[in-house]
Every structure is written in C-alpha cells, then in structure tokens.
Amino acid sequence: MTAERTPKAVATVWGLLVLNTLGSAGARTIVPLPRSLIQMVTMGALVLAFALALAVNVRLRIRAGAFLFLLSLLLVLSVVSSANLESGFGALFRCARLALFIGTLWLLSRWWDGGTAFVRQHVRMYFAVLGSVAAGLLISPGAALPDLYGGRLVGALWPLTPPQIGQYAAVITGLTVLLLLGRRIDRAGAAFVIVPSLVLLALTHTRTATVGLLAALALAIGSLVLTSAAARRFFVWAVVCAAVAAVGFASALQSWFLRGQSRENFSNLTGRAKVWDALLAEPRSLSQRLFGVGLGDKSFGGLPIDNSWLAVYHEQGLIGVSLVAAIVLVLGTVALLRPPSLARACAIFLISYCAIASYTEAGLGDASPYLLHLAVAASLLATPVAAPVLPVPERPLRRVPRWARRSEVS
C-alpha cells in the first residue's frame, strides 16, 4: 500500500495548534506583552488552524477512533457542566476553544496512518519554541533566570514557565532518542536537538519533566529491546552512565533535585498537597461531583491545582475523570497490543510521559500540550488505510482461426 502524502499545510496547522497551547500566563518578558494581545494571538492561531485544516480537508474525510470519540464526549460534558455558569462566562469561551481544538484534530485525523510524520513535526515545533527560550537567555540572562522563580529558566521573549519549558524539552528529547534508535535521524541531527534541550531542561530544575523523561524513555526503549540491537546497546550504556552519575555526582544531583527547598516543603510537593486537600474537602452537591463546575483556569482558591485528575474532577466531575482515564487506558492498551516497532515505542513514550506528569501538572481535560502529545500517540497507533483494490477486467477470449490451430498441431 502507498500511504497518502501529507500536505505541507498540515504542518502549518500543527504549528498553529502548538502556538495556541503555549498559554498566556507566565514570566515577565523582556518586552512587556499585554495578556490580551497574547490571548488574541493564541486564539487567532486556533481559528486559523481550524480554517486551514478545513480548507485542506474540504471533503471532510476523517478517521474515526476511540481517542477522538472520547475527546468529543469530554467536550459535550464540558458544555453541560459549564452551562450553569458557575465558573462565569469564561467557561463557555473555553468550551468554544476546546470545540475548535478537537474539531481540528478530527480534520487532521485523515492523515493519521501510523507513520512518524506527526512525530517529526511535533519535534520541530517544540524545538522552535525552545529556540525562542534560548534566544531570550542569550539576550537577557537576568530576565530568563529571574529571582521570582528562584533562578529557574523562564521564557524571556514569550511568557513561558519553567514547567512548560521542561515539558517541551523532555518530550522532544525522548522522541529524538527514539528516532535515532529507529535510524530515522542521523547522530549529528539528533545531537543538535538533544544537547541544547537537555541543557534547557537542567536550567529549569523541573523534577516532573526529568522523572517523566527517564521513566517514559525506559519504558519505550524496553519495548524495543527484544527486536533492536541499537536499543539494547543504548539501554546498557544508559544504565552504566546512570550508575556512574549516581555514585560520583550524588550530592550535586540531590542539590539540583531539592532546588534549595527544605525536605518538609519537598514532601509537601511545594505546597501542592495543601491545595489538593482543600479541593477534596470542599462541600459539593451531587451535580458538582458528577459534572463539575465548568471549565476554568485550573485553579482553586486562587492557587493552581497542578494535578490533571483533580483539575478534571473540579471542572468536569467524576464523569470527566472517567473519560480522561478511558482515553489514557485505551491508548495504552492499544500500544501494548501492537507488535514492537518505532511507532509503538514513540506512542508508549508519549502516553507514559503524560500519565506521569499528570500527577503534578494539569491539562488532560482541556486544550493543552498534553492532549497534543496524546494526539500524536493516537496517530502513531492508527492502522494504515488499505489501498482500494480495483477489479481487473477479464480479457475476452480471442477466437483462434482454424488454420492457426492446424499449424500448432503439425
């Protein structure tokens, strides 16, 4: 079968989706950017992405799947929970944004064929975002490493927080390593992406991204160990390097991991546990428990929730938690049932990373980079569309003249 060629406009659509999910809240930039302007740019990118996807897929050819079906159910639930306006009119605006986001994914599903085209585009887009972070660091180190964030790296050109930068760096590092093991990229190209990404990850001091990268990459490479000699060699070298680092740089690693915090603050997850306890202790009606209070800014009592499951419970209720859990479980189950391959390994990495990061990061229930990661995983797990087999017309029997038959006998 010959796969359908992906139009170049699809890459543009994916880049616009990435721009939309960068958010509008973060650190102070070198040139102050009004939040209204940032929101106008991000929402304009989403509207343009949907319009461009519709123009490319004007015949509305889509590939139905469990991932997009469950996302659509989550959208319906979000509209129902936001209709009573407990979270204000902003909830309906967020529902409209989620509808455009999911609609764009439906339109792009036509080109989900189990290949690595979307993986490559995912890496390119987020590497471009990290390029802006690096540029901000070179232009103004003081603005990129502010005391407000404890000297952690932030976006000085576009307002990005340390967890965001750490997430992007971890995801593209893991995907590039897998592409290298699958011989889809050479060593020089891989080093060009991996080395600066790891440097930026280290400067963010983001523990969730670091743990997610190591754990998810171990699971992904483990799925290739039995069929790939390169994966086996990389796994052995990784174990040796990790052991040497643990012995020789134990104190430095511990200092980096604690980020100057006390052990009590570290065990309290930097204050997150207090917000979680208050959210769970909040009295709720049966309707609020089942459907939530509507889409919001993923905060409770003015403080960020920083947990995908509790954020979904707060905004979309227990039904929303069940739908999000079903999305992760369906993708994970399909990935485990597929034979070993590079596409399967990349999907396992993305699903595992999102599941690990969901403990201290919010985003699985709304338009976010985490849903984009899972969308890439869904594209990797899609079965290729078989090319239609055209019937071969039967050739009519030719009448052989009698003289020709006599000559054959003689």
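So the sequence shown is residues 4 to 413, counted in the working numbering. Cβ atoms here follow ideal geometry from the backbone N, Cα and C, with glycine treated the same way. Since the model is a prediction, treat every value here as computed from it, not as a measurement.
If we ignore side chains and look at the alpha-carbon of each, how far apart do residue i and residue j end up?
i	j	result
residue 91	residue 75	22 Å
residue 11	residue 347	25 Å
residue 190	residue 47	37 Å
residue 214	residue 234	20 Å
residue 63	residue 99	20 Å
residue 57	residue 229	42 Å
residue 255	residue 248	10 Å
residue 17	residue 34	27 Å
residue 29	residue 187	35 Å
residue 359	residue 310	11 Å
residue 386	residue 37	44 Å
residue 89	residue 97	13 Å
residue 222	residue 349	10 Å
residue 94	residue 78	12 Å
residue 420	residue 334	With the chain running from 4 to 413 in the structure shown, residue 420 is simply not present.
residue 106	residue 323	19 Å
residue 205	residue 290	44 Å
residue 331	residue 357	9 Å
residue 279	residue 8	47 Å
residue 282	residue 104	28 Å
residue 171	residue 136	11 Å
residue 418	residue 66	Because residue 418 is not part of the residues shown, which for the chain are 4 to 413, the question remains open.
residue 232	residue 155	38 Å
residue 149	residue 102	36 Å
residue 49	residue 226	35 Å
residue 42	residue 217	33 Å
residue 192	residue 108	29 Å
Under a Cβ-count criterion, where at least 16 other Cβ atoms within 10 Å of its own Cβ denotes burial, should residue i be classed as buried or exposed?
i	result
residue 413	Any reading at residue 413 must be qualified, since the residue scores a pLDDT of 49, below 50, and its modelled position is unreliable; the value itself is stated next. Per the 10 Å Cβ criterion, exposed.
residue 87	exposed
residue 285	exposed
residue 19	buried
residue 308	buried
residue 384	buried
residue 31	exposed
residue 342	exposed
residue 250	exposed
residue 24	buried
residue 295	buried
residue 258	exposed
residue 363	buried
residue 246	exposed
residue 288	exposed
Kindly indicate the opening and closing residues of the alpha helix (DSSP H) around residue i.
i	result
residue 47	38-59
residue 100	93-111
residue 62	From DSSP, residue 62 is part of no alpha helix (DSSP H); its letter is neither H nor E.
residue 175	165-184
residue 415	Here the chain covers residues 4 to 413 and nothing more, so residue 415 does not appear.
residue 318	311-340
residue 345	345-360
residue 240	232-251
residue 376	372-384
residue 157	Here residue 157 belongs to no alpha helix (DSSP H), and DSSP marks it neither H nor E.
residue 198	190-207
residue 127	120-142
residue 2	Given a span of 4 to 413 for the chain in the structure shown, any question on residue 2 remains unanswerable.
residue 224	210-225
residue 75	69-85
residue 292	289-294
Does the distance from the C-beta atom of residue i to that of residue j stay below 9 Å?
i	j	result
residue 165	residue 208	yes
residue 237	residue 180	yes
residue 160	residue 138	yes
residue 114	residue 382	yes
residue 60	residue 111	yes
residue 125	residue 44	no
residue 146	residue 157	yes
residue 313	residue 293	no
residue 224	residue 182	no
residue 151	residue 329	no
residue 14	residue 127	yes
residue 338	residue 380	yes
residue 168	residue 203	yes
Exercise. Do the segment 122-135 and the segment 68-84 meet, that is, are 3 or more Cβ pairs less than 8 Å apart?
Worked result: no
Exercise. Does the segment 296-306 come close enough to the segment 43-62 to have 3 or more Cβ pairs within less than 8 Å?
Worked result: no
Exercise. Does the count of Cβ pairs from the segment 339-359 and the segment 168-185 closer than 8 Å reach three?
Worked result: Judged by Cβ distances under 8 Å, the segment 339-359 makes contact with the segment 168-185, as three or more pairs qualify.
Exercise. Can we say the segment 150-168 touches the segment 108-122, given the rule of at least three CB pairs closer than 8 Å?
Worked result: Contact fails: fewer than three Cβ-Cβ distances are below 8 Å.
Exercise. Counting Cβ pairs closer than 8 Å, one from the segment 240-247 and one from the segment 190-204, do we hit at least three?
Worked result: no
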